[in-house]
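Below: the structure, in structure tokens.
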Amino acid sequence: TALRDALHNEKSKNAFNVVLQPLHDTKTECLIGAECLMRWTLDGQPVSPVEFIPIVESTGDINKLTMFTLSQIKEAKDKLRREGIDPKNYMFAINISVVEILDVNFESKLLTALSDYNIDPRCIKLELTESALIDNFSYVNEVLISLQSKGLLISIDDFGTGFSSLSYLCKLHFDEIKIDRSFVTNVVKDGKLQSVFNSIVSLAKNLDKPLVAEGVEDMEQMIYAKAKGVQYVQGYYYSKPLPIDAFIEYVLEDK
Ligand code: G
Ligand code: G
Ligand code: MN
Ligand code: NA
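Everything in the sequence shown is counted per full-length UniProt numbering, starting at 279 for the first residue and increasing by one.
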């Protein structure tokens, strides 16, 4: 109920906030964008999205959080512009739940919000997990084709954790693979993880899709990913997820 209050009561809305985790290009090391992650505070204590997202999904309110995230992206873009930075240079990735994408009004709600906030769809990436993509495959694939035609990018999140058949990958319309951090964080010391990591790298290469490694925590992992030809990295090595103002500072320092 505290969660319900927070979602429905304007005064409690500030219990939610969006943090931005920087994404870097491995070749240039330049900042290329950020993943938006939701945070919720109850009685001064942070509650993990792993706990509250499933509840928000089950009450049918998950799209409200996505809309809130878009409002925060708009705010970040406005702040960047005020600092003399063109926000078009940065991609913003949003996590989308399967229950959300199965709502027949999802696409129209999303496109309306982007238009209202004057956000270019080409600056937005939607992250969907493997399992979300495989359930209701043909319907979801149709939605993805339509979203791509509007300029949005589609990323497969937590890749490698779904243990799914690879045959669907040939039919699925997506733009990028995000290798799960469980394969990344300990990859330098673990031969088995290296085998899985290398398989995903060659899969992405053969499909001609860029790869993002998340959970890159130190320079060794960053160098490993770069040497394997991974295009983008995200993780504590560069930065934790940052509140908007700290992200703006980060962008200014990167310049
Ligand atoms: O930030 P953290 O690593 O604790 O996030 C845990 C999980 O919560 C991530 O896997 C992410 O996909 C999910 N998550 C975070 N924010 C959102 C959000 O706004 N919407 C959805 N659907 N999932 C989110
Ligand atoms: O959407 P996804 O479940 O992939 O969300 C990424 C989660 O991973 C976020 O909760 C974020 O806080 C967390 N995270 C981001 N970078 C790192 C990292 O370098 N190491 C670890 N252990 N977790 C990370
Ligand atoms: Mn994600
Ligand atoms: Na992930």
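Note that CB positions come from ideal geometry on N, CA and C, so glycine has one too.
Assign residue 415 to one of two classes, buried (16 or more other C-beta atoms within 10 Å of its C-beta) or exposed (fewer than that). The sequence position of residue 415 within the sequence shown is 137, counting from 1. That one is exposed.
Residues sharing a beta bridge with residue 373, DSSP: For the purposes of this step, residue 373 is taken as the residue at position 95 of the sequence shown. 405.
Length of the line joining the Cα atoms of residue 476 and residue 506: Against the sequence shown, residue 476 aligns to sequence position 198. Against the sequence shown, residue 506 aligns to sequence position 228. Cα-Cα distance, rounded: 8 Å.
Considering only heavy atoms of ligand 3, list every residue whose Cβ is less than 6 Å from one of them, following chain order. 313, 373, 405 and 435
Among 427, 296, 382 and 410, which one has its Cα closest to the Cα of residue 400? Indexing the sequence shown from 1 puts residue 400 at position 122. Closest by alpha carbon: 427.
For residue 361, which residues from the same chain have a beta carbon less than 7 Å from its beta carbon, with the 5 sequence-adjacent residues on both sides left out? For the purposes of this step, residue 361 is taken as residue 83 along the sequence shown, with counting starting at 1. Excluding residues within five positions, the ones whose Cβ falls inside 7 Å are 526 and 530.
Any non-hydrogen atom of ligand 5 closer than 7 Å to residue 409 Cβ: Absence of ligand 5 from the depicted structure is noted, with ligand 1, ligand 2, ligand 3 and ligand 4 being the only ligands included.
Provide the residue span of the beta strand (DSSP E) that contains residue 320, from first to last. Here residue 320 is taken as the residue at index 42 of the sequence shown, counted from 1. 309-320 is the extent of the beta strand (DSSP E) around residue 320.
On the criterion of 16 or more Cβ atoms from any shown chain inside 10 Å, does residue 470 qualify as buried, or is it exposed? Mapped onto the sequence shown, residue 470 falls at position 192. Exposed: under 16 other Cβ atoms inside 10 Å.
Identity of the residue in 351, 368, 432 and 397 nearest residue 407 by Cα: Mapped onto the sequence shown, residue 407 falls at position 129. Per the Cα distances, 432.
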